[in-house]
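The working numbering numbers the first residue of the sequence shown as 6 and each following residue consecutively.
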Amino acid sequence: MSFEVKERDLAGRIGELHTRRGTIETPYLMPVVNPVKNTIPPRELKENFGFGMIITNSYLILKHFGMERPEVHKLTGFDGPVMTDSGAYQILVYGGVDTSPEEIISFQEAIGSDIAVILDIPTGGRAAREEAEFTVKETIKRAKQSIGLRSDPAILWAGPVQGGRYLDLVAESARSMGKLDFHTHALGSPTQIMEEYDYAALVDMIVTAKVNLPPERPLHLFGAGHPMMLSLATALGCDLFDSAAYALFAKDGRYMTTTRTIRVEDLTELPCSCPVCTSHGLEELLALRKAERENQLARHNLYVTMAEIRTIKQAIREGALWELIEMRCRSHPKLFEGFKRLAHYSDYLEINDPVMGKSVRGLFIFDELSGARPEVLRYKRRISERYKRPDGKDILVLLPMPSDKPFSRSSSYWEARRAMKVERVHFCFYGQPFEIVPVELAETFPLSQFEGCGGVTTMSQDFLKGFIKRNHYTKAIIVGGAIKNELKGLVRVDSIEDAAEEVRQDAHSI
Ligand SMILES: [Zn+2]
Numbered sequence: 006m007s008f009e010v011k012e013r014d015l016a017g018r019i020g021e022l023h024t025r026r027g028t029i030e031t032p033y034l035m036p037v038v039n040p041v042k043n044t045i046p047p048r049e050l051k052e053n054f055g056f057g058m059i060i061t062n063s064y065l066i067l068k069h070f071g072m073e074r075p076e077v078h079k080l081t082g083f084d085g086p087v088m089t090d091s092g093a094y095q096i097l098v099y100g101g102v103d104t105s106p107e108e109i110i111s112f113q114e115a116i117g118s119d120i121a122v123i124l125d126i127p128t129g130g131r132a133a134r135e136e137a138e139f140t141v142k143e144t145i146k147r148a149k150q151s152i153g154l155r156s157d158p159a160i161l162w163a164g165p166v167q168g169g170r171y172l173d174l175v176a177e178s179a180r181s182m183g184k185l186d187f188h189t190h191a192l193g194s195p196t197q198i199m200e201e202y203d204y205a206a207l208v209d210m211i212v213t214a215k216v217n218l219p220p221e222r223p224l225h226l227f228g229a230g231h232p233m234m235l236s237l238a239t240a241l242g243c244d245l246f247d248s249a250a251y252a253l254f255a256k257d258g259r260y261m262t263t264t265r266t267i268r269v270e271d272l273t274e275l276p277c278s279c280p281v282c283t284s285h286g287l288e289e290l291l292a293l294r295k296a297e298r299e300n301q302l303a304r305h306n307l308y309v310t311m312a313e314i315r316t317i318k319q320a321i322r323e324g325a326l327w328e329l330i331e332m333r334c335r336s337h338p339k340l341f342e343g344f345k346r347l348a349h350y351s352d353y354l355e356i357n358d359p360v361m362g363k364s365v366r367g368l369f370i371f372d373e374l375s376g377a378r379p380e381v382l383r384y385k386r387r388i389s390e391r392y393k394r395p396d397g398k399d400i401l402v403l404l405p406m407p408s409d410k411p412f413s414r415s416s417s418y419w420e421a422r423r424a425m426k427v428e429r430v431h432f433c434f435y436g437q438p439f440e441i442v443p444v445e446l447a448e449t450f451p452l453s454q455f456e457g458c459g460g461v462t463t464m465s466q467d468f469l470k471g472f473i474k475r476n477h478y479t480k481a482i483i484v485g486g487a488i489k490n491e492l493k494g495l496v497r498v499d500s501i502e503d504a505a506e507e508v509r510q511d512a513h514s515i
């Protein structure tokens, strides 16, 4: 088995990818290394930055060194696992490559690649339907042929998933590739979509690929490397990333942060404490010769990227990935659009999110979007599908969720208990994000382990209606004004005393 999942949060996971040259903990980002020249020597990526695996391009090696077939670890000076790409990206950029699917497979084997990719045809983000169909069909055909061409069983093979923005094609591609003998999959060509900041489309693509691929195989998102979006992609189930962004941005004088990119001449401070930023003042950095400044910027970009990967892993282990993406996605409205799209897939996240063992800390609830997180959804589903009120308690009294927790020890609850005869009264609390919390469940996770920002006591009318109907109350009383329209059978009162009066009247009538 080449991949083992160790921890989960949302659809994100910490895993171990076993290659013949060692194990890599995921989520992981492979820095893209140019086989010919690099501003930072690959060896240093491991020694100074902690990047244990890199990716380089076998097609470029073929072009530069031809049939010399240099061993890729010797060529790059990197002794950890090396993934090689196949030249498919060059097809996307230049329209074609000067090799064949067969040649690039045997070439990757010859140069000693640890993870190799077949020569697929990338769909890209702007392909017409017909073109996209062709790329999917041709990639599947080449994937099938590749199986018989491989001769080194120690290499892990990546099967690219194509289809671009056409989700039915992504689904078809993922299903077909998932049936073939691959160790990892890679979602092809999201680069153009990310350049357009179309993160909502990217979320659609990733989820579509994930639900159609075998879950035990890691998913690699090709060409995604900005720290601001890595947590979102991880939460959706991406395990591997590769990026040349650290170097390309540096070449262009751009300084990465976890939320954005800043042109170096627009910096007035160095808002970072990596070795580059602490050993240089801003003026010193700006005064460096161009090549040296590019080198220092690339280093800073790598430090930021690696720190974000570690931040994501910490969040997964704590069960706080949702909070992390809520923060990161507020970096840019288009990224936030991606986050909002995530809420469409809350069922997908809920199925993948672990039920147990994620109570290291409580949930942070900011707004209605926080209500789409799996813990909330799971609770609401249980209340809708499995919950039954205690026997004999046929009068429902709904109190606004108190600010002190657990609700069952709050002062308003005890005030209500003292004010009315409680034998037949079933107290429940209403408000966001859980809609309704029966008092007897108030101390279970996560109902007492969350932090809200107060004042949100609205609720879904449908949820309330369903709750009252399923539990066959003879009377339902709500304290407070959260219900916009009158609900048949629900008595709205302003205070606990009024509620007590309603309970008394009912007790007389029966
Ligand atoms: Zn820095």
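All C-beta atoms in this analysis are idealised placements derived from N, C-alpha and C, irrespective of residue type, glycine included. Just so you know, these numbers come straight off a predicted model, no measurement behind them.
Exposure label - residue i; buried when at least 16 CB within 10 Å
i	result
E507	buried
C282	buried
G17	buried
A458	Residue identity differs from the one stated: residue 458 is Cys in this sequence, not Ala. Flag for C458 reads exposed.
A156	One detail in the question is off: residue 156 reads as Ser in this sequence, not Ala. Looking at its Cβ environment, which holds fewer than 16 other Cβ atoms inside 10 Å, S156 is exposed.
T273	exposed
P395	exposed
T263	buried
I515	Here I515 scores only 49 on pLDDT, less than 50, and its place in the model should not be relied on; the value that follows carries that caveat. When all chains shown are included, I515 counts as exposed.
P405	buried
A517	Beyond the ends of the chain as shown, which are 6 and 515, falls residue 517; an answer cannot be given.
D499	exposed
Q510	exposed
A99	Going by the sequence as given, residue 99 is Tyr instead of Ala. Y99 is exposed by the Cβ-count criterion.
G71	exposed
Beta-bridge pairing of residue i - partner residues as DSSP gives them
i	result
M88	I60 and I120
I400	V430 and K480
W162	A121
R268	R259
G27	T24
P443	C433
Distance cut-off 8 Å: residue i Cβ against heavy atoms of ligand 1
i	result
Y251	no
H231	no
V269	no
L287	no
L291	no
L272	no
L326	no
V309	yes
V98	no
V281	yes
C243	no
L275	yes
S453	no
Whole-Å CB distance - residue i paired with residue j, under 8 Å assumed
i	j	result
K51	F83	7 Å
G230	D244	Between D244 and G230 the Cβ distance is about 14 Å, and since that is not below 8 Å, they are no contact.
P32	V38	Not confirmed; about 19 Å, so no contact.
V77	S118	6 Å
S178	V166	5 Å
A191	F227	5 Å
L185	K149	7 Å
I501	A421	5 Å
Of the residues the options, the one placed nearest residue i, counting alpha carbons only
i	options	result
L290	R259, T266 and A133	R259
L174	P338, K184, K318 and E135	E135
S351	A249, E200, R378 and F455	R378
T316	I19, S105 and A148	I19
P40	N53, D499, H23 and I59	I59
S181	S389, D209, K142 and H337	K142
R304	G55, H23 and E21	G55
S236	Q167, A250, C334 and V122	C334
S63	Y99, G101, E114 and P395	E114
K398	S284, Y478, P220 and L224	Y478
I356	R346, F341, R383 and L347	R383
K480	S415, Q150 and R497	R497
L354	P338, E342 and G376	G376
F439	G485, D372 and S500	D372
I482	F434, V102 and V98	F434
G343	T24, Y202 and Q95	Y202
F455	R147, L124 and E328	E328
V444	P451, H431, G436 and F450	H431
G3	A132, I321, K11 and M88	Residue 3 cannot be examined here, being either before or after the span of the chain that is shown, 6 to 515.
K426	L446, I400 and F412	I400
L307	S91, A249, E270 and T81	A249
L452	D209, I123 and K410	K410
T128	L218, E73, A121 and Q197	Q197
Residue i CB to nearest heavy atom of ligand 3 below 8 Å
i	result
T263	What this structure holds is ligand 1, not ligand 3.
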